[in-house]
Each structure stands twice: as C-alpha cells, then as structure tokens.
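Each step along the sequence shown adds one to the number in numbering that gives the first Met the number 0, with nothing skipped, and position 84 is 83. C-beta atoms are modelled at their ideal positions from N, C-alpha and C, and glycine is treated no differently. Keep in mind it's a predicted model, so treat the numbers as computed, not measured. Beneath this line is the structure, given in structure tokens, with notes to follow.
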Amino acid sequence: MSNSIDKNKIIKHSGEQSSPVIIENDEDSNAPRSSNSTTANASSQKQILLLAKKFSLNAAFLPEIKQAPIEDRAFRRKKIDELRKQQNMEAIVLRAIQYCSDENMTDRADQDWFSSFVILAEGISNKNMQDLWAKILAGEVSKPGSFSLKTLQTFRSMGITEAKLLAKACSLAMSDTRRKNIRVISGAYQVPTLFNFFNKQRQQQLDLNQAGLSYADILTLADNHLMFEQETESHSLAKGEKIQFNYNGKSVSFVAKKADCILTFYKFTPIGTELAHLINDNADESYLSILKTKLSENFSITN
0 MSNSIDKNKI
10 IKHSGEQSSP
20 VIIENDEDSN
30 APRSSNSTTA
40 NASSQKQILL
50 LAKKFSLNAA
60 FLPEIKQAPI
70 EDRAFRRKKI
80 DELRKQQNME
90 AIVLRAIQYC
100 SDENMTDRAD
110 QDWFSSFVIL
120 AEGISNKNMQ
130 DLWAKILAGE
140 VSKPGSFSLK
150 TLQTFRSMGI
160 TEAKLLAKAC
170 SLAMSDTRRK
180 NIRVISGAYQ
190 VPTLFNFFNK
200 QRQQQLDLNQ
210 AGLSYADILT
220 LADNHLMFEQ
230 ETESHSLAKG
240 EKIQFNYNGK
250 SVSFVAKKAD
260 CILTFYKFTP
270 IGTELAHLIN
280 DNADESYLSI
290 LKTKLSENFS
300 ITN
C-alpha cells in the first residue's frame with residue numbers, strides 16, 4: 000500500500016489524542032471559518048507535510064500499519080540526503096566549468112581545499128546560491144588562494160538576504176586599482192581650524208539609506224564579518240591631491256578642493272573583500288550623482 004500523503008489533507012489535533020491525525024480536508028464543512036488564520040494554518044501544515052515527505056520524515060503522520068520499520072525509514076532518509084548532496088555538487092561543478100577558461104594553469108588546485116569546499120557546498124540547493132559557489136570554485140582553481148577556508152565557512156552561514164545585501168553594498172563600493180581595499184564612501188570633511196571651525200559646510204554626511212543601504216544593513220553585514228561597522232577615514236589630502244578609485248569597472252577621481260580634506264567610509268573586511276569578487280559590476284549611478292553633489296564643497300569628483 001502507498002505511504003504517500005494526499006496534499007489535500009490537513010492535520011487535526013484532538014484533546015483525546017496525543018498524536019496528530021491526518022483527516023480529509025472537507026471543503027463542504029459547515030463549520031465556521033474565520034478567516035485568514037485558518038487558511039494560513041492549513042497552508043503551513045501542507046508545506047511541512049510536503050517537506051516531510053520529500054525528506055522521508057512523514058511516517059509519524061501515518062497510521063502505524065502503514066509505517067515502514069524505522070530502520071528502513073532512517074536508511075531511506077540518509078539515501079535521499081546523499082542523493083540530494085550529490086545532485087547539488089554536480090550542478091555546482093557544472094556551473095563552475097562555465098566560468099573557467101581552458102588555458103593551462105601553472106598551479107595545481109589544492110585537493111584539501113576542494114574537499115573542504117565540497118563539505119560546505121553540498122547542502123546548497125538554491126540555484127542562485129549554487130551559482131555563487133560555482134564562482135568561488137572557478138576563482139580558486141583559476142587563482143589558488145583567492146578564497147580562504149574561513150571565507151567559505153562565513154559564506155556557508157549566509158542566506159539569500161545577506162547575499163543580496165552584499166551585492167547592494169558592492170554596487171556602492173569604491174576600490175583601489177587592485178581591488179584589495181573596498182569601501183563605501185559615507186561622507187567627507189575638512190580638518191577643523193581656527194578659520195573654518197564655524198563653517199557649516201565643512202562637513203558632509205551622506206544618507207546611505209537613500210541609496211538603499213541602511214545602517215541596519217551595515218550592521219547585518221558586520222555581523223556576517225563582511226564589513227566593519229565603524230567608519231574609517233582616509234589620510235588628510237592636500238589641496239589639489241587626487242585619489243583614484245575603481246567604481247564597478249569605472250575609473251573615478253576625487254580631487255581635494257581645499258587643504259586637509261578627508262573622506263569617511265565603511266570598509267569591507269578581508270572576507271567581504273574576497274566575496275565581493277563574486278559580484279558582477281553593477282554601478283549605482285544615482286549614488287555616484289549623490290556623491291558628486293553632497294561632497295562638492297570639499298571634493299571635485301569626475302568619472
């Protein structure tokens with residue numbers, strides 16, 4: 000007899016029973032239905048039932064006579080898990096090949112690194128996340144040392160939400176020419192002196208929330224070891240001194256209009272810097288316009 004559960008059934012709990020019982024979902028029942036709570040409850044129950052069935056954990060919802068021996072159920076669940084991990088890794092490797100060239104490499108890939116990579120990546124079923132793991136694999140094989148095991152462990156703990164936040168931060172980020180130091184510029188000021196102390200235009204602070212990156216987002220990135228939560232400053236620039244940045248594939252120059260001008264920014268951590276290389280260039284032109292307008296008192300910005 001089939002052990003499958005009809006998705007049109009829901010779980011009912013009775014005060015006289017210690018375990019849940021599956022009954023038919025009676026669409027013609029005259030019992031009063033309040034609302035959205037009943038619908039939401041049935042929907043969440045169905046989702047749990049479907050997940051339980053998919054991972055071979057649905058026996059507890061079946062009558063005992065229909066339950067396979069627990070040893071068989073445990074073996075089946077382990078087998079399903081192994082097959083799912085195998086499918087995940089094959090999909091990731093296939094995607095990684097597409098990001099690699101067929102040129103000969105001088106350095107051989109580290110098998111120990113790859114073994115750790117498999118352990119961390121095999122549980123990833125989400126297609127978007129698989130694509131990022133594939134980029135990590137391709138990047139490490141193409142240039143060994145690009146992604147540390149610490150970075151892999153951090154990335155494994157991230158979800159889609161954190162990955163999207165990282166992508167948003169990258170769309171605002173400036174880097175040096177080698178992309179070793181990445182930062183999101185948050186403002187600028189001129190070092191206070193006797194002559195400019197009362198000048199209200201001496202200091203400018205950007206509202207990054209307007210660009211889609213709130214301080215709460217920055218704290219989330221900091222919690223995931225991707226960005227430092229405290230602002231950092233550049234060195235004090237002389238009048239006419241220029242700093243050259245790479246902004247999502249574009250060259251951007253900051254030239255100090257006055258003496259002792261300083262840029263403030265939120266800096267990516269080493270882990271955040273490594274993972275930023277997974278994100279495609281996607282410049283936020285509105286943010287660049289905000290920079291040019293808000294910082295115009297102390298800097299001339301050209302691209």
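As far as DSSP is concerned, G144 takes part in no beta bridge. In this structure, L212 places its C-beta atom within 8 Å of the C-beta atom of V183. Note on geometry: alpha-carbon atoms of L220 and M226 lie some 6 Å from one another.
Where T263 is concerned, the enclosing beta strand (DSSP E) starts and stops at C260 to K266.
Between V117 and M157, the C-beta gap is not smaller than 8 Å, which leaves the two residues out of contact. DSSP places L236 in the strand class (E or B) of the three-state scheme. By the Cβ test, the region 91-102 is in contact with the region 124-142, since at least three Cβ pairs between them sit closer than 8 Å. For I217 against A275, the beta-carbon gap comes to about 15 Å, at or over 8 Å, which does not count as contact.
In this structure, the straight-line span from the alpha carbon of N223 to that of I261 is close to 28 Å. By the C-beta criterion, the region 108-124 is judged not to be in contact with the region 236-248, since fewer than 3 inter-stretch pairs fall below 8 Å. Apart from the 5 residues on each side of it in sequence, Q204 sits with its Cβ closer than 6 Å to the Cβ of G186 in its chain, given in chain order. The beta carbon of K266 lies closer than 6 Å to those of R182, F227 and T231 in the same chain, with the five residues before and after it left out. Under a 10 Å Cβ-count criterion, F113 is classified as exposed, with fewer than 16 other Cβ atoms of the shown protein chains found around its own Cβ.
S295 and D175 have their C-alpha atoms roughly 21 Å apart. When DSSP states are grouped into helix, strand and coil, N127 belongs to the helix group.
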